[in-house]
Amino acid sequence: MRVARTIQEAREALAAPTASVGLVPTMGALHRGHLALLEAARAECEVVVASVFVNPAQFGDGEDLARYPRDEDRDLRMLEEADTDVAFMPEAAELYPPGFETWVDVAGAGEGLEAAARPGHFRGVATVCLKLFNIVRPDRAYYGQKDAQQIAVIAQLVRDLNLELELRVVPTVRDEDGLALSSRNAYLSAEERAAAVALPRALAAGAEAHRAGGDPAAAACAVLAAESRLAADYVEVARWNGTDVLAAAVRAGSTRLIDNVVLQGKHA
Ligand code: AMP
Numbered sequence: 093m094r095v096a097r098t099i100q101e102a103r104e105a106l107a108a109p110t111a112s113v114g115l116v117p118t119m120g121a122l123h124r125g126h127l128a129l130l131e132a133a134r135a136e137c138e139v140v141v142a143s144v145f146v147n148p149a150q151f152g153d154g155e156d157l158a159r160y161p162r163d164e165d166r167d168l169r170m171l172e173e174a175d176t177d178v179a180f181m182p183e184a185a186e187l188y189p190p191g192f193e194t195w196v197d198v199a200g201a202g203e204g205l206e207a208a209a210r211p212g213h214f215r216g217v218a219t220v221c222l223k224l225f226n227i228v229r230p231d232r233a234y235y236g237q238k239d240a241q242q243i244a245v246i247a248q249l250v251r252d253l254n255l256e257l258e259l260r261v262v263p264t265v266r267d268e269d270g271l272a273l274s275s276r277n278a279y280l281s282a283e284e285r286a287a288a289v290a291l292p293r294a295l296a297a298g299a300e301a302h303r304a305g306g307d308p309a310a311a312a313c314a315v316l317a318a319e320s321r322l323a324a325d326y327v328e329v330a331r332w333n334g335t336d337v338l339a340a341a342v343r344a345g346s347t348r349l350i351d352n353v354v355l356q357g358k359h360a
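Counting from 93, one number per residue, gives the positions in the sequence shown under this note's numbering.
Spelled out as structure tokens, the structure:
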């Protein structure tokens, strides 16, 4: 595996023009969810590139940028074990040098839900993803269903700006009790972790209510209301890329968790 810390090094590592390139963008603190993306890329690309970059532009004031978990050595070991070809690990100043002034704003998918809760978040996401696409020039880019609105935003970006790459969506990887894996789960106390399982349970109840012809958001809210250690931020049905998704964000103490489930059946 080659480790590229600068744009120049990444371009040199990817100089071979004929191979198909798969990009897995991450913020590090890697877990089995990220590994599923790498595995999907490995299965169909000759060259697999993982980026590890805690993108300051997608964190708002007062969010967890400073304390976001970072463990470069562990990430490198995991990337090596996953048979990654190139790890792109730039410093923030490499991607946002002094004088950087161009931002990508995606309307539509980039409004409401996460965008309403985290103003500027998707502007940071869309901008860094477009930069990564321009640096790595992937044929395919891999994203997790866990961040469903992010996928909708990137799909809109790819369509609107005529980017020549395919997006691949990988199903959410979960712990045994259903909690979606997330780097932020490391923040949870034992008690918060126990409470957090109400989030996937609420979404499952919502999906079930939907199948039965009921109101998915109301059913999910009822489950969340019974768990006093979680505070719901939003529980909403969204239509992204032609698919109805029940998406929710909750707070467990100071940790914000998001998850979603695709709605199938009666009203889909
Ligand atoms: P992050 O490092 O949290 O920014 O995530 C990087 C990529 O991994 C994004 O495309 C996420 O949607 C994806 N991802 C994060 N958690 C999971 C998970 N539990 N299952 C599948 N993909 C995930």
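From the three backbone atoms N, C-alpha and C, an ideal C-beta is built for every residue, glycine too. This one's a predicted model, so the numbers in the text were calculated from it and none came from an experiment.
heavy atom of the ligand AMP below 7 Å from residue i C-beta
{"i": "K362", "result": "What is shown of the chain runs 93 to 360, which leaves residue 362 out entirely."}
{"i": "T98", "result": "no"}
{"i": "H213", "result": "no"}
{"i": "Q241", "result": "no"}
{"i": "G125", "result": "yes"}
{"i": "Y160", "result": "no"}
{"i": "S275", "result": "yes"}
{"i": "M181", "result": "no"}
{"i": "T264", "result": "yes"}
{"i": "G306", "result": "no"}
{"i": "G202", "result": "no"}
{"i": "T118", "result": "yes"}
{"i": "V339", "result": "Note that residue 339 is Ala in the sequence shown here, rather than Val. A339 Cβ: outside cutoff for every heavy atom of the ligand AMP."}
{"i": "G152", "result": "no"}
{"i": "L129", "result": "yes"}
{"i": "Y279", "result": "no"}
{"i": "G236", "result": "yes"}
{"i": "A272", "result": "yes"}
Neighbour-count burial assignment, residue i, 16 or more Cβ in a 10 Å radius
{"i": "N226", "result": "exposed"}
{"i": "N254", "result": "exposed"}
{"i": "P189", "result": "exposed"}
{"i": "E206", "result": "buried"}
{"i": "D167", "result": "buried"}
{"i": "A360", "result": "For A360, the predicted structure reports a pLDDT of 43, less than 50, and the residue's modelled location is therefore unreliable. A value from the coordinates is still provided. Answer is exposed; the Cβ neighbour count stays below 16."}
{"i": "A102", "result": "buried"}
Extent of the continuous alpha helix (DSSP H) run through residue i
{"i": "D252", "result": "A240 to D252"}
{"i": "T219", "result": "H213 to V228"}
{"i": "G125", "result": "R124 to E136"}
{"i": "D167", "result": "E164 to E173"}
{"i": "R285", "result": "A282 to A288"}
Residue i - DSSP class collapsed to helix/strand/coil
{"i": "S275", "result": "helix"}
{"i": "L115", "result": "strand"}
{"i": "R372", "result": "Nothing about residue 372 can be reported from this structure: the residues present for the chain run from 93 to 360 only."}
{"i": "A360", "result": "At A360 the pLDDT is 43, less than 50, meaning the model places this residue with poor confidence and gives no usable figure here."}
{"i": "R103", "result": "helix"}
{"i": "L295", "result": "helix"}
{"i": "T347", "result": "strand"}
{"i": "V178", "result": "strand"}
{"i": "E183", "result": "coil"}
{"i": "N142", "result": "The residue you asked about is not Asn; residue 142 is Ala in the sequence shown. Reduced to three states, the DSSP call for A142 is strand."}
{"i": "G236", "result": "strand"}
{"i": "A44", "result": "Nothing can be reported for residue 44, as the shown portion of the chain is limited to 93 through 360."}
{"i": "V198", "result": "coil"}
Continuous beta strand (DSSP E) stretch holding residue i: start and end
{"i": "D307", "result": "No beta strand (DSSP E) holds D307; DSSP gives it neither H nor E."}
{"i": "A339", "result": "T335 to A344"}
{"i": "E328", "result": "L322 to W332"}
{"i": "L259", "result": "E258 to V262"}
{"i": "V265", "result": "Careful: V265 lies outside any beta strand (DSSP E) and carries neither H nor E."}
{"i": "A96", "result": "R94 to A96"}
Best match in the options for proximity to residue i [C-alpha to C-alpha]
{"i": "V353", "options": "R159, P182 and A272", "result": "A272"}
{"i": "E319", "options": "V342, R232 and T219", "result": "V342"}
{"i": "F153", "options": "G212, L349 and E138", "result": "Note that residue 153 is Asp in the sequence shown, not Phe. For the residues G212, L349 and E138, the minimum Cα distance to D153 belongs to G212."}
{"i": "L338", "options": "A344, S275, P308 and E164", "result": "P308"}
{"i": "Y234", "options": "L322, S281 and A142", "result": "A142"}
{"i": "L316", "options": "D336, L349 and A304", "result": "L349"}
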